[in-house]
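Chains as they are written, first to last, in UniProt numbering: chain A, 1 to 183; chain B, 1 to 183.
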């Protein structure tokens, strides 16, 4: 099913604020009904990202607890990271696993592709289920080692109740994997 | 289970870029292992947001297709919006329903609370399941009427396959509701 809507016309777009990480763009839009609006959006790197749900065996999920500046707290979630220049999503997923949890995977299965807040970002993230793990580590760019946390997928409800497991993409990834494994 | 980690110390924080919608802050951090880093994060309104999964009957999900500037495309998702000053999350949810799909709900059940990318944002969103709907509309601030889309929850897999149903928070909300109704 596709949209019946006709895209608004972009009359002008300009960079209005910029930092090391973020570039904010203003769009001057005319909607198909004639309404005019100014919108703001983030200009992304366009590189894409990956999130990996690693399973040590048929039951055991591996997660990381990592410092999050947005909330100034440690949050629990699945390993993730940006795809580097020239990398495939699969290669990036296996690299991030080795950097963040010191495992590689012989069996990466793409589960889905998510987007973060498309109203403001153009940020795609491929979700992988990773099985057949082997020990292997690569140096990452984290300021401190990430805390590794194991959780039984049978108790996914308990994981959903954790006060620090709240990230929308991690919750989506967990529930998609639970649904996939339920068959 | 709580974190074993000791929070990094914030040595300094300053506003480094600002637009109408976004404020970007730089944090000068020292991690508990002595590592020093500069991080960037978005300063939010702190108002919180709601997303509502409205069901017309035991089977029928209601969604909206809306213009998203981040991707310059129309995307399918559940009604959502910011909580206004002085509003409870429930009141905001019922207002957004009336603004976006012209229904109110006599039965709002909180399903979960999600966060968007806590590495960069402090953005909480309460997810509600809305039943016992009644026709009622309120004027919203949308530039054009939102396209209303119905979908059978029995075919949630088909919804997940839609190229424009990709928003992480909408996918998380769908899967949490599917899981809740499955019992």
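For every residue, glycine included, the Cβ atom is placed at its ideal position computed from N, Cα and C.
Residue-chain proximity (residue i, chain B), Cβ-Cβ < 8 Å
| i | result |
| --- | --- |
| residue 126 of chain A | no |
| residue 172 of chain A | yes |
| residue 183 of chain A | no |
| residue 24 of chain A | yes |
| residue 120 of chain A | yes |
| residue 82 of chain A | no |
| residue 265 of chain A | Coverage of chain A is limited to positions 1 through 183, which leaves residue 265 of chain A absent and any answer about it impossible. |
| residue 1 of chain A | Because residue 1 of chain A carries a pLDDT of 48, less than 50, the predicted location of this residue cannot be relied on, and no value is offered for it. |
| residue 110 of chain A | no |
| residue 133 of chain A | no |
| residue 136 of chain A | no |
Bounding residues of the beta strand (DSSP E) (the contiguous stretch that carries residue i)
| i | result |
| --- | --- |
| residue 205 of chain A | There is no way to answer for residue 205 of chain A, as the model of chain A reaches only from 1 to 183. |
| residue 25 of chain A | 23-30 |
Any chain A beta carbon closer than 8 Å to residue i
| i | result |
| --- | --- |
| residue 11 of chain B | no |
| residue 40 of chain B | yes |
| residue 179 of chain B | yes |
| residue 139 of chain B | no |
| residue 106 of chain B | no |
| residue 85 of chain B | no |
| residue 129 of chain B | no |
| residue 74 of chain B | yes |
| residue 143 of chain B | yes |
| residue 8 of chain B | yes |
| residue 78 of chain B | no |
| residue 166 of chain B | yes |
| residue 20 of chain B | yes |
Neighbour-count burial assignment, residue i, 16 or more Cβ in a 10 Å radius
| i | result |
| --- | --- |
| residue 167 of chain A | buried |
| residue 12 of chain B | exposed |
| residue 135 of chain A | exposed |
| residue 117 of chain B | buried |
| residue 96 of chain A | buried |
| residue 6 of chain A | exposed |
| residue 66 of chain B | buried |
| residue 58 of chain A | exposed |
| residue 17 of chain A | buried |
| residue 33 of chain A | exposed |
| residue 161 of chain B | exposed |
| residue 150 of chain A | exposed |
| residue 15 of chain B | exposed |
| residue 94 of chain A | buried |
| residue 54 of chain A | buried |
| residue 1 of chain A | Its pLDDT being 48, under 50, residue 1 of chain A is placed unreliably in this model, and the value from its coordinates should be taken loosely. Residue 1 of chain A is exposed by the Cβ-count criterion. |
| residue 100 of chain B | buried |
| residue 86 of chain A | exposed |
| residue 173 of chain A | buried |
| residue 104 of chain B | buried |
| residue 126 of chain B | buried |
| residue 10 of chain A | exposed |
Handout entry: Unbroken stretches of the alpha helix (DSSP H), 4 residues or longer, contained in the UniProt domain "Nudix hydrolase" (42-175) of chain B
Key = 89-100 and 156-161
Practice task
Give the residues from the segment 147-162 of chain B that approach chain A closer than 8 Å (Cβ to any Cβ), ordered along the chain.
Solution key: 147, 149, 160 and 162
Problem - Positions along the segment 46-72 of chain A whose CB lies within less than 9 Å of some CB in chain B - result: 65, 66, 67, 68, 69, 70, 71 and 72
Exercise for the section: Below 9 Å between beta carbons is the criterion; list the residues of the segment 87-103 of chain B that meet it against any residue of chain A, in chain order. Expected result: none
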